[in-house]
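Q: Its first residue numbered 72, the sequence shown is counted upward by one per residue in the numbering used here. The beta carbon of each residue, even a glycine, is placed where N, CA and C say it ideally should be. Owing to the predicted nature of the structure, the values given are computational and were not obtained by experimental measurement. Let me give you the structure first, and then I'll get to my questions.
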Amino acid sequence: MLSWLSSWLPGSLSKLWLWAVSLGLTLSLLQLIRLLSRRQKLLQGLKSFPGPPTHWLFGHVKEMKKEGELDKVLSWTNIYPCAHQLWMGNFIGFLNIYDPDYTKAVYSRGDPKAWDIYGFFLPWMGKGLLVLDGPKWFQHRKLLTPAFHSEVLKPYVDVFVESTKAMLNKWDKKIQEDKCVNIFPDVGHMALDSLMKCIFGRSSGSQPESDTKYYLAIGELTLLMQEPMAAFQYHNDIFYYWFTLHGRKFLQACKVAHDHTDKVIRARKAALKEEEEQEKIQEKKRLDFLDILLGAGDENKTKLSDADLRSEVDTFMFEGHDTTTSAISWFLYCIALNPEHQKRCREEIQNILGNRDTIQWEDLGKMTYLTMCIKVSFRLYPPVPQVYRQLNKPVTFPDGRSLPEGSLVSLHIYALHRNPAIWDKPEMFDPQRFSPENSSTRHPYAFIPFSAGPRNCIGQQFAMMETKVVTALCLLHFEFSPEPSRPPIKRLKLVLGSENGIHLNLKKLI
Ligand code: HEM
C-alpha cells in the first residue's frame with residue numbers, strides 16, 4: 072500500500088512521505104512499548120488486590136457505563152472488601168479504595184495528584200492549588216488560606232442572599248406555567264453568579280460584554296473538561312486538541328477565560344498602583360478573592376506571579392461553582408424525598424429568622440438541624456465522588472497488603488459513604504447520625520465529602536456557608552416534592568451531576 076502510494080508521488084515527495092510514515096510508525100511503536108511496560112508495572116504493584124474481570128480494550132469503563140458507574144462500583148464493595156483494581160482502559164489501573172483505614176493510610180499523607188486524571192485541568196487552570204504539589208503547593212496553600220478566614224467570608228452572606236433571591240424570583244415566574252422545575256441549571260447560574268461576585272467583586276448580570284462571554288465560557292469549560300476523562304480516545308493530547316471538535320472548542324473557551332482573567336488582574340493591579348491601594352484596600356467594605364490574592368505575600372514578601380494568580384482564580388472558578396451547584400441541587404432532591412425532615416428544617420429556619428426574610432452570618436451557627444441534613448445529603452450524594460493520587464512512596468495498609476511507589480490510587484468517596492461494612496442501612500436519610508454525640512464516635516475517615524488530610528478542600532467553610540444560606544432561603548420560600556415521572560439519573564463526572572437534571576415540584580409558601 073505504502074509503495075503503491077509512493078509510486079504516485081514525485082521522487083523527493085515520495086521519500087519525504089516514506090520518512091514521515093516511518094517516523095510515525097516508530098513513534099507509535101515506542102509509545103506502545105512505553106504503555107505496555109507501564110501496564111506491567113501497575114499490574115505488578117496491584118497483584119495483591121483482585122478486581123472484577125476487565126475488557127481487553129475498555130478495562131472496567133464499559134461495564135460501569137452500562138450499569139451506572141457509581142452503583143456498579145458500590146456493588147463491587149460487597150465482593151472485594153476495602154479495595155479492588157479499577158482499570159480505565161488497559162493502561163491506567165488504579166487501586167480503588169472505600170475503607171476508612173485504607174483512606175487514612177493514603178490521604179493523611181500529601182502524595183501528589185494522579186496526572187492521568189488531573190492533567191486535563193492544565194489547559195484551563197494551569198498549575199493552581201488543586202494540581203500543584205511539593206513546596207510550591209505548600210507555599211500557595213499558605214498564601215491562599217487567609218482568603219478563607221471567617222472575617223473574609225462573613226460579608227459573602229449578602230452576596231449569596233442576593234443571588235439566591237434572584238433565583239427564587241425566577242422560580243416564582245416558572246411555576247406560574249408549570250410547578251415542575253428542573254432546578255439544576257438555575258442553581259448552577261446562581262452559584263456561578265455568586266462566585267463571580269466573590270472572586271471579581273461583580274457578577275455577569277449588568278456587566279460588560281466580556282463578563283458575559285466569560286460567564287458562558289466557564290459554563291462550557293466545566294462541561295467540556297469532564298468529557299475526555301471517560302473517553303479513552305481523547306487521552307492523547309495531539310489527537311484531542313488538534314483533531315476533535317471537542318478539543319478545539321475546549322481550547323477556544325480556555326482562551327476566552329484566560330483573556331478575561333488576565334484583563335481583570337491587569338486592571339486591578341493598575342488601580343492598586345494608581346491609588347497606592349495597599350492601604351486603601353483595607354478600607355473596602357468587602358474584599359473579593361482577587362484583592363486577597365493580590366495582597367498575599369509570605370514572610371519573605373514573595374508574591375504570586377501573574378501566571379500563578381490566573382491559575383488560582385481559574386481553580387477557584389471551577390472548584391467553587393460546580394461543586395456547590397451539585398451540593399445544593401442534590402440536597403433539595405433529598406429533602407424533597409423526605410418531607411418530615413424538610414418540615415423540621417423549615418421550622419428551625421423560621422424560628423431563627425422570625426419575620427426577617429434575609430439571613431445574617433450569626434444565623435448560620437444556629438441552623439443545626441439543617442446542617443445535619445446537609446451532611447446526610449453529602450454522604451448520599453457527595454459532590455466530588457472520586458479523587459486520585461499517585462504514590463510518591465510505598466504504603467502498607469493495616470491488613471498487611473501494600474502498594475509500591477508510583478501506584479495510582481482512587482478514593483471512591485461515594486462507595487466509602489455508602490459502604491455497608493461501615494454504615495448500617497447506608498441508604499437511609501438519617502440526620503441523627505450527624506448529631507454532635509454520634510459524630511464523635513465515627514471513624515474520622517468514614518465521612519469525607521471535602522477529602523481529608525493536608526490536601527483537603529480549602530473552600531469547605533465557604534461551601535458550607537453558601538449551601539446553608541441558599542438552602543435555608545429555598546426552604547423558606549418553597550415546599551419541594553419529587554416528580555415521580557422524572558427521577559434524576561446520577562452521572563459521574565468530576566462532580567456528581569444528573570443526566571436528566573433534577574426535576575422537583577415547587578409550591579410557593581411566601
Ligand atoms: C460542596 C462543595 C465542595 C466540595 C464537596 C469540595 C470537595 C473537594 C474535594 C473532595 C477536594 C479534594 C480534591 C482532590 O484531592 O483531588 C477539594 C479540593 C479543593 N477545593 Fe473544594 N469542594 C467544594 C467547594 C469548594 C469551593 C467553594 C472552593 C473555592 C472557592 C474550593 C476549592 C478547592 C481547592 C482550591 C482545592 C484544592 C486544595 C488543595 O489541594 O490544597 N472547593 N474540594
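Is N253 closer than 8 angstroms to I484 when the C-beta atoms are compared?
A: The sequence position of residue 484 within the sequence shown is 413, counting from 1. The sequence position of residue 253 within the sequence shown is 182, counting from 1. No; because the gap between Cβ atoms is not below 8 angstroms, this pair is not in contact.
Q: Who are the Cβ neighbours of V447 in its own chain at under 6 angstroms, not counting the five residues just before and after it?
A: Position 376 of the sequence shown, counting from 1, holds the residue named residue 447. These residues qualify, in order along the chain: F500, P502.
Q: Verify the contact flag: F521, CB atom, against every heavy atom of the ligand HEM, threshold strictly below 7 angstroms.
A: As a first step, residue 521 must be located in the sequence shown, where it is residue number 450. Yes.
Q: Using a C-beta cutoff of 8 angstroms, does D501 count as contacting chain B?
A: Among the chains of the structure shown, chain B does not appear; only one protein chain is present.
Q: Assign S277 to one of three DSSP states: helix, strand, or coil.
A: Position 206 of the sequence shown, counting from 1, holds the residue named residue 277. Any reading at S277 must be qualified, since the residue scores a pLDDT of 48, below 50, and its modelled position is unreliable; no value is offered.
Q: Below 6 angstroms CB to CB, which residues in the same chain sit around F321 once its five sequence neighbours on both sides are set aside?
A: Along the sequence shown, read from residue 1 onward, the residue named residue 321 stands at position 250. Result list for F321: L295, in chain order.
Q: Take L403 as the anchor and find which of F549, G524, D385, V384 has the nearest alpha-carbon.
A: Locating residue 403 in the sequence shown gives position 332, counting from the first residue. Residue F549 is the option with its Cα nearest to L403.
Q: Closest by CA to H260, which one among T283, G477, D249?
A: Taking the sequence shown and counting its residues from 1, one reaches residue 260 at position 189. Checked all of T283, G477, D249; the closest Cα to H260 is T283.
Q: Looking at the secondary structure, which residues open and close the beta strand (DSSP E) in which W158 lies?
A: Stepping through the sequence shown from its first residue, residue 158 is reached at position 87. From DSSP, the beta strand (DSSP E) with W158 extends over 154-159.
Q: Report the option in L101, L141, L107, F120 whose CA atom is closest to the CA atom of A486.
A: As a position in the sequence shown, residue 486 is number 415, starting the count at 1. Of the listed residues, the one whose Cα sits closest to A486 is L141.
Q: Do you know how far the Cα of K414 is from the Cα of G425?
A: As a position in the sequence shown, residue 425 is number 354, starting the count at 1. As a position in the sequence shown, residue 414 is number 343, starting the count at 1. Approximately 16 angstroms, taken between the alpha carbons.
Q: I'd like the span of the beta strand (DSSP E) that includes C251, first residue to last.
A: Taking the sequence shown and counting its residues from 1, the one referred to as residue 251 is at position 180. C251 -> beta strand (DSSP E) spans 251-253.
Q: Give me the Cβ distance between R557 and N576, rounded to the nearest whole Å; I'm assuming they're in contact under 8 angstroms.
A: Taking the sequence shown and counting its residues from 1, the one referred to as residue 557 is at position 486. Taking the sequence shown and counting its residues from 1, the one referred to as residue 576 is at position 505. That pair is no contact at about 10 angstroms.
Q: Any heavy atom of the ligand HEM inside 7 angstroms of the beta-carbon of I363?
A: Here residue 363 refers to the residue found at position 292 when the sequence shown is read from its first residue. No, since every heavy atom of the ligand HEM falls outside the 7 angstroms radius drawn around the Cβ of I363.
Q: Give the straight-line distance between the Cα atoms of D379 and P520, rounded to the nearest whole angstrom.
A: Walking along the sequence shown from the start, residue 379 turns up at place 308. Walking along the sequence shown from the start, residue 520 turns up at place 449. In a straight line, the C-alpha of D379 is about 27 angstroms away from that of P520.
Q: In whole angstroms, what is the alpha-carbon distance linking K464 and E476?
A: As a first step, residue 464 must be located in the sequence shown, where it is residue number 393. As a first step, residue 476 must be located in the sequence shown, where it is residue number 405. K464 and E476: Cα-Cα distance of roughly 4 angstroms.
Q: For E383, does the count of other Cβ atoms within 10 angstroms reach 16, so buried, or fall short, so exposed?
A: Position 312 of the sequence shown, counting from 1, holds the residue named residue 383. Result: buried.
Q: Report all residues from its chain with a CB closer than 8 angstroms to the CB of S277; omit the five preceding and five following residues, and keep chain order.
A: Locating residue 277 in the sequence shown gives position 206, where the first residue counts as 1. With a pLDDT of 48 at S277, under the threshold of 50, the modelled position of that residue is not reliable, and the figure given next carries that caveat. Nothing meets the Cβ criterion.
Q: Going straight from the alpha carbon of R180 to that of R212, what length do you get?
A: Start at 1 with the first residue of the sequence shown, and residue 180 comes out as number 109. Start at 1 with the first residue of the sequence shown, and residue 212 comes out as number 141. Going by the C-alpha atoms only, they are around 15 angstroms apart.
Q: What residue range is occupied by the uninterrupted alpha helix (DSSP H) comprising G116?
A: Your numbering for residue 116 matches position 45 in the sequence shown. Per DSSP, G116 belongs to the alpha helix (DSSP H) from 82-116.
Q: Return the first residue and the last residue of the beta strand (DSSP E) that F165 is part of.
A: Within the sequence shown, residue 165 is the residue found at index 94, counting from 1. 163-168 is the extent of the beta strand (DSSP E) around F165.
Q: Applying the 10 Å Cβ sphere with the 16-neighbour rule, what's the burial state of E390?
A: Counting from 1 along the sequence shown, the entry for residue 390 is found at position 319. Counting Cβ neighbours within 10 Å, E390 comes out buried, since at least 16 surround it.
Q: How long is the line joining the alpha carbons of Y285 and L114, rounded to whole angstroms?
A: The residue given as residue 285 occupies position 214 in the sequence shown. The residue given as residue 114 occupies position 43 in the sequence shown. Each residue's Cα considered, the two are about 43 angstroms apart.
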